[in-house]
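For the sequence shown, this note's numbering assigns the number 27 to the initial residue and increments by one for each residue that follows. Presented below is the structure to which this report refers.
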Amino acid sequence: MDQVRQRLVEAAYVCVSRNGMAKTTVEDVARQAGLSRATAYRAFPGGREEIVAATVAWAVTEFFLGLQEQVAGAHGLEEVLERGLVFARRSIVDHEVLQRVMQTEPDRLLPTLTVESNRIRQGIALFLLPYLAARGVAPGVDPAEAADVLARMVLSYISAPGRWDLEDPDQVSRLVRSELLAGVVGPAGGPSTA
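Okay, here's the thing in structure tokens:
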């Protein structure tokens, strides 16, 4: 992302946090970035909707960078999933802008998140695939399909953990082993011949 677009995206984030999505205008974003309205439209010809979409995409990327830092050095698939679930749930709950927009304007945010959800799921699946391959899958299980299923389940539990307390390491460990990985991975100790 070039410097002008990055300035506008970061400015849009500030504006949304202050005014909400509905009340954030291109003029607000340009002013916050210290740029002209014309410059904003040159960078984002689609106007406000394009800026908002780019801002959501930027926030998702920032989340994944934080997630990658959090799981760095993890020993194996189970630990990656445990650390990742705790980090992701805490990030969502503690994210002031996301929480504000979800409470006040979910109808505006959900379509953008729906568009991003495929990218998010694919990113998680690609991230998990090498760990899954190293851990080994159960006989007859395709590693790429297993990574996709795991990504879907992880996203589901992050957004709605149900009976699981994702702040409790013991519960997270049980969730990972009894629900996320049950039937997907082979016996511990190495890859299976799927």
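The C-beta atom is built at its ideal place from N, Cα and C for all residues, glycine as well.
Would residue i and residue j be called neighbours here (beta carbons separated by less than 8 Å)?
i             : j            : result
methionine 47 : valine 86    : no
alanine 131   : alanine 83   : Note on identity: in this sequence residue 131 is glutamate, with alanine being the wrong assignment. No, they are not a contact pair.
valine 180    : valine 42    : no
tyrosine 157  : valine 106   : yes
alanine 160   : proline 169  : no
valine 261    : valine 210   : With the chain represented from 27 up to 220, any question about residue 261 goes unanswered, as that position is not in the structure.
valine 52     : arginine 74  : yes
arginine 147  : arginine 178 : yes
Do you know how far the Cα of residue j is from the Cα of residue i?
i             : j                 : result
alanine 228   : glutamine 94      : No answer is possible for residue 228: the residues shown for the chain start at 27 and end at 220.
leucine 241   : arginine 31       : Absent from the model: residue 241. The displayed extent of the chain is 27 to 220, so no value can be given.
threonine 219 : glutamate 171     : Here the model assigns threonine 219 a pLDDT of 41, short of 50, so the residue's position is not dependable, and the following value carries that caveat. Whole-angstrom Cα-Cα distance: 15 Å.
glutamine 129 : valine 163        : 40 Å
leucine 207   : valine 97         : 18 Å
glutamate 88  : phenylalanine 153 : 15 Å
arginine 145  : glycine 99        : 24 Å
valine 55     : glycine 149       : 29 Å
proline 165   : tryptophan 190    : 29 Å
Should residue i go down as buried or exposed, given a rule of 16 or more other Cβ atoms within 10 Å for buried?
i             : result
leucine 176   : buried
aspartate 194 : exposed
alanine 69    : buried
leucine 91    : exposed
threonine 81  : buried
alanine 151   : buried
Under DSSP, the alpha helix (DSSP H) around residue i begins and ends at which residues?
i            : result
aspartate 28 : From DSSP, aspartate 28 is part of no alpha helix (DSSP H); its letter is neither H nor E.
alanine 225  : One cannot answer for residue 225 here, as it falls past the ends of the chain, which runs 27 to 220.
glycine 92   : 74–97
valine 180   : 169–185
arginine 189 : Counting along the chain, arginine 189 falls outside any alpha helix (DSSP H), and DSSP gives it neither H nor E.
Between the region 197–212 and the region 103–113, do three or more beta carbon pairs fall short of 8 Å? As far as the Cβ criterion goes, the region 197–212 touches the region 103–113, which means the pair count is three or higher.
Okay, do the region 33–48 and the region 57–69 touch, 3+ Cβ pairs below 8 Å being the bar? Of all C-beta pairs linking the region 33–48 to the region 57–69, three or more are shorter than 8 Å, placing the two stretches in contact.
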